[in-house]
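Quick note, the numbering used here runs 15 ahead of the 1-based positions in the sequence shown.
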Amino acid sequence: MGNGKPMLRVVRGQADAEELAALAVVLLALQGAGEEQPEPPHREGSGGWRSPGAYRAPGSWR
Numbered sequence: 016m017g018n019g020k021p022m023l024r025v026v027r028g029q030a031d032a033e034e035l036a037a038l039a040v041v042l043l044a045l046q047g048a049g050e051e052q053p054e055p056p057h058r059e060g061s062g063g064w065r066s067p068g069a070y071r072a073p074g075s076w077r
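Laid out in structure tokens, this is it:
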């Protein structure tokens, strides 16, 4: 980036500074969208599920 060579070149038309800035933002956003996010570490355990102490019939009161 600091070597003095332009990173973008307009081949046709007259792009002003705002249009070039908008294009640069879009290109950088697309570049960042391709990066994968690290997965959270896997935690061993029950996952929040607690089994009841004893079997309860569907129609039981307790």
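By construction, the Cβ of each residue, glycine as well, lies at the ideal position given by its N, Cα and C atoms.
Same chain only: Cβ atoms within 7 Å of residue i, ignoring 5 sequence neighbours per side
{"i": "L35", "result": "L23"}
{"i": "Q46", "result": "none"}
Nonlocal neighbours in the same chain, by C-beta distance under 8 Å from residue i, ignoring five residues either side
{"i": "A30", "result": "L38"}
{"i": "V26", "result": "none"}
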